[in-house]
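Residue numbers (our numbering): 510 to 612.
Next comes the structure, spelled out in structure tokens:
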């Protein structure tokens, strides 16, 4: 897990620095603001994706556990789980939309 985190961090830094070095000779304040906004957007979507995937994993595991305990209630549990998954995913989508609007 630690190796994966280091790999993701390294790749994101390489990609961000490549964009910064490829930029034309713009004003220093504008270049710094654009890079800061890009890094902020990167962290925002990463946090939203991490939280969403963690929530989805927990909700699916609890739903399967509930179905295993009471198979007759699988219809109600499945419906509630799908609605919950849609609400969890909507938070990540809202973050992505806000990033596109702000950027």
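Backbone N, C-alpha and C define an ideal beta-carbon position, used for all residues, glycine too.
Note that the structure is a prediction, hence the values are computed from the model and not measured.
If you draw a 10 Å sphere on the C-beta of residue 602, you find fewer than 16 other C-beta atoms in it, and that means exposed.
The beta carbon of residue 561 sits closer than 8 Å to the beta carbons of 597, 598, 600, 601 from its chain, once the five residues preceding and following it are set aside; these are given in chain order. Beyond the five residues adjoining it in sequence on each side, residue 521 comes within less than 7 Å, by CB distance, of 551 in the same chain, given in chain order. Using a 10 angstroms sphere on the CB of residue 587, the tally of other CB atoms stays under 16, which defines it as exposed. In the three-state DSSP reduction, residue 510 falls in the coil class, being neither helix nor strand. Sorting 579, 512, 556, 569 by C-alpha distance to the C-alpha of residue 604 places 556 at the top.
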